[in-house]
Structures are given as C-alpha cells and as structure tokens.
Amino acid sequence: MDPVAFNATLPISRLLIPELFSEIIHYALAAVPPQKRYQAYDLEKRGSWSYTDPSFPILRLGAAVVASHVCHAWRVLSLGTPSFWAPYIGFIPFAGSEFLARSGQTPVDIYHDEGVDEDCWAKKAVVNTSRIRSIYVRNLSTNGISLLERTLCGRLASLEKLALEVDHKTSESQLRRLPETLVAPKLGSLRLDQIFLYPVCRNLNSLSMSSITAPMEALLEILRTNSRLSSLDLLSVDLTEINDTRRAEHRIKLPRLQRFHFYDHDGTESTNRIASHLLLNLEMSPKQFALSILEWSDELLQECLDIIYREHQPSLLWVDDDDFDFFTLPPSHPSEIPPKLDFGSGRIGILTGLSEALGPASTSLQDKNVGHITTIAIRQVDIAGTAEYYPFEEELRGLWCAFPEVETYWIKGLPSGGEYDVFLDALKPGRLYHSDEDQTPFPRLQTLGIQSKFSDPDPDLLAHIHEIIMARMEAGMPALKVVSLPNTPRPPLDDAAALRLCSSVEDMVYWKETFEERGDKIDLLAM
10 MDPVAFNATL PISRLLIPEL FSEIIHYALA AVPPQKRYQA YDLEKRGSWS
60 YTDPSFPILR LGAAVVASHV CHAWRVLSLG TPSFWAPYIG FIPFAGSEFL
110 ARSGQTPVDI YHDEGVDEDC WAKKAVVNTS RIRSIYVRNL STNGISLLER
160 TLCGRLASLE KLALEVDHKT SESQLRRLPE TLVAPKLGSL RLDQIFLYPV
210 CRNLNSLSMS SITAPMEALL EILRTNSRLS SLDLLSVDLT EINDTRRAEH
260 RIKLPRLQRF HFYDHDGTES TNRIASHLLL NLEMSPKQFA LSILEWSDEL
310 LQECLDIIYR EHQPSLLWVD DDDFDFFTLP PSHPSEIPPK LDFGSGRIGI
360 LTGLSEALGP ASTSLQDKNV GHITTIAIRQ VDIAGTAEYY PFEEELRGLW
410 CAFPEVETYW IKGLPSGGEY DVFLDALKPG RLYHSDEDQT PFPRLQTLGI
460 QSKFSDPDPD LLAHIHEIIM ARMEAGMPAL KVVSLPNTPR PPLDDAAALR
510 LCSSVEDMVY WKETFEERGD KIDLLAM
C-alpha cells in the first residue's frame, strides 16, 4: 500500500477538526520554532577554543513542517493554514519563495540577535512592510544596520511591538543612518536601548527607554499623545534641554498608568533635575511606583510621597540597602514577619539606600500624614563604618518619629550584632539630629520582632531588648505586648536574661521551635 494512502487511514488524521488541528500546531510551533545554527568544532590542539563553520548549518524543522509530513490529511490542513508558514520565511534559502507564498498575508515577526542568521531577516525584508507585526533587534552588524534602515523606512501599518537594543560596538555614524521618526499607527509596545526614535502613534501601552539621550520635550510630547500608557520605564536616560519652569500649566494626564520606574545611579545633579521635572509635569497614580537615584532633594522626595499617597493608603514600610518601599500589608499574626512583597503584589516604592533617605525623608515626612503606616520592617541594611562618622541613630530616630501610628517594628537579617544595637537604640528616648529636644518614636508600638542570622541564643540581645522596653516605659510609653524572635531557640527556663525579658512583656515572647516530624518547619510557640 502507498505510504501516503496508508497514513491517511490512520485514526489520528480523522479525529482532529481543522480548528483544533490549527490550535495544536500553533502551540507546538511556539514551543518548537524553526531554528538554524552552525556546527561548532573544538580544536584540542588549541585548548578549549572552538569555532563555528558557516558552511555546515544545522536546521531544526519547526512543528508546521513536521506536521505537514505526517499524512496526506495533515498536509492538506497545514498547507491551507497560512499562519503556520510566516516563521519559516528566510529559514531555508531555496524554499523562501515557497514559504512566502504559503504565508499569504499573515503578519510577520522579525527577530534578530547575536548568533541568529541574518539571512532570515534579509528574506523577511522583501515582505511588504505593512505585514510586519513585531520587530526585535539586538547586537546589530553593519549589514544589520542596512536591514533595519530598510525595514523602519517602510510602511509599518501593522507594527505592534518594537524593541531595539544597540550594543557599544555600533558607531554613531551607523545609527545616524536610521530614521529619526517612526511612523507606526498601531504601535503598542516600544523598547529602546542606546538608540532614540520618535514614535508617531497614539496607542502606546508600554514604553521603555534605557541609556538614551533625548530632549525632555520630546519625551513629554510622546507621553502627551499617548494617554493610554500603562507602563513607563526610564533607565539611565539623559533628558536634555530642560525648561526650568517648575510646573507646567497643564500636567500630562496618564490615567491608565499602572507602572512607573525611573532608575539612574550616576549620582549627578542633572539626574535629580530630570526626575523632578518629569514628575512635576505628570499627573499619575500608578500601582507600582519606583524611583531610584543617588542624589535626593526634599522637593523630589515630597513629590514622590504625593504620588504614593494620592491614591493609596500603604500600611507597611520595608527598608533595606536598596529599597525604601511602601506596601499595603495583608493581615497577619503579630508574631510573624511581614512578607517582602513584589511588584505583582502592589508594591509602591522609593528605591534608595536608608542612609541617603534619612535626611530628606525625615524632613518631608514630618509634614506628611503617614498615619496609615502601622508596620515598619528593616532588612539587610549594612551600616558598617557609617555610624562612625554619621549620627545614624539620631537621624534614624528622627525618621521614625514621623510615623506616630506604627504598632509593629521588625528587624531582619542584619550583617552583625552591632547593627541590631543601632536599630534598637533608635527606639529609646533621645535627642534628634540638629535638635536638643528628646523624643521617643512609635508611641503606639506593641510588637517588636527580630529575625537574626544567628541560631544560638544571645544573652546580650535579650538584655538589650529588655533595656529598650524599660527605657520606653520610663518615658511614659506603654509596655510591649509581643516580642517575636523566630530564629532564636527557647533558652533554659532558668535563663536570667530570658526571664527578665518575659517579665517586661505584657503578653508573650515567641521563640523558634521545631516540629518533631519536620525539622525544617518553624513553629512559633510562647514561652
């Protein structure tokens, strides 16, 4: 029997309706796309050095070609589904025209990265540019610049996504060959790295720029004409020609913006100026707000706080070496350390080191209603050497005094025991920096938690906590209800430091205990 006729009688060829067949092959094609790579050879005489021989390409057939050779019925279905064949354009040089004909008017995606064959891009470049749906280009060669120029100068009526990442090897003279303006009316996602193009569009949903230089007014005009923007990422951008007018008459409204990221650690005065000018010209209430720079001003921090409190009522402040973040805290037991939430959980943060934030933050927060903050947690703050020349404890006490409603205070995973002392001493009554007045932070404090890196009981730490509690009580503060030490094993019943600590706590002290059936599970039990 003829093999094709035999395959056509197989049950699998009759079970799948065309729609289900198409869905399966599209799914398989995404998982197993066509791929061309070249054979690499290891030369033992030259150590581990290897080279790639371009004369011996290895082709991996994608799911569509494989499916079209299973049986006659599948071949008919495959050839009758144009969307299967667009990824193959340029994949096999001698079959380019055939794949082009099979693809019909299906949208085409262009992907080029280091190690990807430029022939595929070159073959796709002959396609009517109005069919191009997405472009991802990284690590351009000289030939790649010509291909990109030809592609971007076309009629990109269907372009929805564009991502251009230019490495340092590409010269400025090569980049000047590219068009300055990109006309793409359906463009929804734009990512530019080390290259700036002005997009003529009104439907941008996501905009990301990294390591680019552009006029500030050009960026503002892009935002002004794309009010539906939901994500804005600006990483190490140098925005020039800034108008010193502090506030525009009409702010640019971005009502749908859900994510705003501004990151630049150059530490220059211009970075602060760029961030301030940008925030003062935007009206937004993003769910995810993050601004990370080295040089802070009172004005910039105040603007950040205004954005945070415009639509949100955060109840948790997480502080570590890289983050100064506000969260909406889910309910939890007072003995449990609050989770370190991610952006998917509604994180709103000012990213900066604690030392950099102390000065401007304590000044700005004193005049700000931060009564919603009921929990503060500190994690991985390394102040080694800082406290020697900087009044860290006094500045920290001043910052904490700006949060009068805090009921829970957690310290987690600091590098050394001495740093626990600094963050504990800031809870005692004492003077503030640049002030002769003694104050006591957190007048409503009820829970103190310390999750140390050390598993052995530390009598000095227990004695220090007791000292802090007694000093606060002498200043008229109420006794703590809960002290939670989840990494500290329960001391012996006759341990003097533990007994004194338990006697000074109103309710209970929580220690680390281990379940008998699971040695890695922690149970918090009262002593």
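Numbering (this note's numbering), first residue to last: 10 to 536.
Note that beta-carbon positions come from the ideal geometry of N, C-alpha and C, so glycine has one too.
I251: CB within 7 Å of a non-hydrogen atom of the ligand COA:
In the structure on display, the ligand COA does not appear, and there are no ligands present to speak of.
Helix, strand or coil: how does DSSP classify Q311 here?
It is helical.
Is it right to say R260 is buried, meaning 16 or more other beta carbons lie within 10 angstroms of its own, or is it exposed?
Burial call: exposed.
Is the segment 221–236 in contact with the segment 188–195, if contact means three or more CB pairs nearer than 8 Å?
Output reads no: the segment 188–195 does not touch the segment 221–236.
Where W409 falls: helix, strand or coil (DSSP):
DSSP places W409 within a helical segment (H, G or I) once states are collapsed to three.
Near Q203, what residues of its chain come up, given a Cβ to Cβ distance below 6 Å and the 5 sequence neighbours on each side ignored?
Correct list, in chain order: V175, S220.
Exposure of P323, with buried meaning 16 or more beta-carbon neighbours within 10 Å
By the 10 Å Cβ count, P323 comes out buried.
Pull up the distance between the alpha-carbon of R111 and that of L171, whole angstroms please.
Rounded to the nearest angstrom, the two C-alpha atoms are 25 Å apart.
In whole angstroms, what is the alpha-carbon distance linking L168 and L199?
For L168 and L199, the distance between alpha carbons rounds to 10 Å.
For S92 versus W83, is the C-beta distance shorter than 8 Å?
No, these two residues do not count as a Cβ contact at 8 Å.
Those residues which DSSP pairs with L270 across a bridge
Here residue 270 turns out to be His, not Leu, going by the sequence shown. In DSSP, H270 forms a bridge with D242, A299.
7 Å Cβ shell around P295 - same chain, five flanking residues per side excluded:
Answer for P295: L266, Q267, R268, F269, listed in chain order.
Give every residue of the same chain whose Cβ lies closer than 6 Å to the Cβ of G394, excluding the five residues on either side of it in the sequence, and list them in chain order.
Because the pLDDT of G394 is 47, which lies under 50, any placement of that residue in the model is unreliable, and the number read from its coordinates should be weighed accordingly. Cβ within range, chain order: n/a, list empty.
Strictly by DSSP, which residues pair up with A420?
This sequence places Ile at residue 420; Ala is not what is there. I420 pairs with I387, I459.
So, for H35: in the same chain, excluding its five sequence neighbours on each side, which residues have a beta-carbon less than 8 Å away from its beta-carbon?
Answer for H35: S92, F93, listed in chain order.
Around the Cβ of N137, are there at least 16 other Cβ atoms within 10 angstroms (buried) or fewer (exposed)?
Here N137 is exposed: its Cβ has fewer than 16 other Cβ atoms, across all protein chains shown, within 10 Å.
Closer than 7 Å by C-beta to R69: which residues in its own chain qualify, once you throw out the five before and the five after it? Chain order, please.
Excluding its 5 nearest sequence neighbours in each direction, R69 has C-beta neighbours in its own chain below 7 Å: P43, Q44, listed in chain order.
Do T384 and L309 count as a contact pair if the criterion is CB distance below 8 Å?
No, Cβ-Cβ distance for L309 and T384 is not below 8 Å.
Look at N290 and E304 and say whether their C-beta atoms are less than 8 Å apart.
Going by C-beta atoms, N290 is not nearer than 8 Å to E304.
In whole angstroms, what is the alpha-carbon distance linking L471 and A435?
So the alpha carbons of these two residues sit roughly 16 Å apart.
DSSP three-state assignment for I144, whether helix, strand or coil:
DSSP places I144 in strand when its eight states are reduced to three.
Which residues bound the alpha helix (DSSP H) around D469?
For D469, the uninterrupted alpha helix (DSSP H) segment begins and ends at 468–483.
Excluding the 5 residues preceding and the 5 following A396 in the sequence, name in chain order all residues of the same chain whose CB lies nearer than 8 Å to its CB.
Confidence at A396 is low in this model, with a pLDDT of 45, below 50, so the placement of that residue should be treated as unreliable; the coordinate-derived value is given next. Closer than 8 Å at Cβ, skipping near neighbours: E402, V431.
Put N281 into one of helix, strand or coil per three-state DSSP.
It is helical.
How far does the beta strand (DSSP E) with R200 in it reach, from first residue to last?
Unbroken beta strand (DSSP E) run through R200: 198–202.
Classify C162: buried if its beta carbon has 16 or more other beta carbons within 10 angstroms, exposed otherwise.
When all chains shown are included, C162 counts as exposed.
Considering just the uninterrupted stretch of the alpha helix (DSSP H) at F100, what are its terminal residues?
Note, F100: premise wrong, no alpha helix (DSSP H); not H, not E.
Is the distance from the Cβ of D329 to the Cβ of I387 below 8 Å?
It is a contact, given that the beta carbons lie within the stated cut-off.
State the CB to CB distance for the pair S239 and N212, rounded to an integer number of angstroms; the pair is presumed to be in contact (CB under 8 Å).
Contact between S239 and N212 is ruled out by a C-beta separation of about 11 Å, above the 8 Å threshold.
Starting from the C-beta of L243, find all residues in its chain whose C-beta is less than 6 Å away, skip the five residues before and the five after it, and write them out in chain order.
M218, F271.
With 16 other CB atoms within 10 Å as the buried threshold, where does G71 fall?
The residue is buried, with at least 16 neighbouring Cβ atoms inside 10 Å.
Can you give me the start and stop residues for the beta strand (DSSP E) that F336 sits inside?
Membership of F336 in the beta strand (DSSP E) is indicated by the continuous run 333–336.
Can the beta-carbon of I474 be found less than 8 Å from the beta-carbon of V491?
At the C-beta level, I474 and V491 stay beyond 8 Å of one another.
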